[in-house]
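Novice: By the UniProt record's numbering, the letter at position 37 of the sequence shown is numbered 37, and the numbering carries on one by one without gaps. The beta carbon of each residue, even a glycine, is placed where N, CA and C say it ideally should be.
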Amino acid sequence: MLYWSLVHRDGDYYRAVHVWIFAENTQELLLQRCADGKDSWPGLWDISSAGHISAGDSSLVTASHMGSTLVHVACLVIWKKFLGALVKEIAKE
């Protein structure tokens, strides 16, 4: 990660993959808040997911590496909705 922080700091150009997750049935766009310690745009809202394309890799290889990140994000969204529904159900009792 040190390499990418230098690239961001110096303003160097690089290739990246951006993934936007849009739920057609609810018309919702999934965003994420950047970590406060991130080297670029800390604490601000960002696209669903993104990844740097390493030398020799294709955009498809990079996108496949992002899969685990997207699974974690999806699980958190589902968990949050479940907990919200559970709290509402408990409040009814």
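Pick from Glu93, Asn25, Gln32: whose alpha carbon is nearest that of His72?
Specialist: When only C-alpha atoms are compared, the closest one is Gln32.
Novice: Where does Leu29 fall in DSSP's three states?
Specialist: Strand.
Novice: Roughly how many angstroms lie between the CA atoms of Leu60 and Leu83, to the nearest whole one?
Specialist: Those two C-alpha atoms are separated by around 34 Å.
Novice: Rounded to the nearest angstrom, how far is the Cβ of residue 98 from that of Ala50, given a contact under 8 Å?
Specialist: In the structure displayed, the chain extends from 1 to 93; residue 98 sits before or after that span and is not available.
Novice: Which value, in whole angstroms, describes the spacing of the CA atoms of Ser5 and Lys38?
Specialist: Cα to Cα, the separation comes out at about 9 Å.
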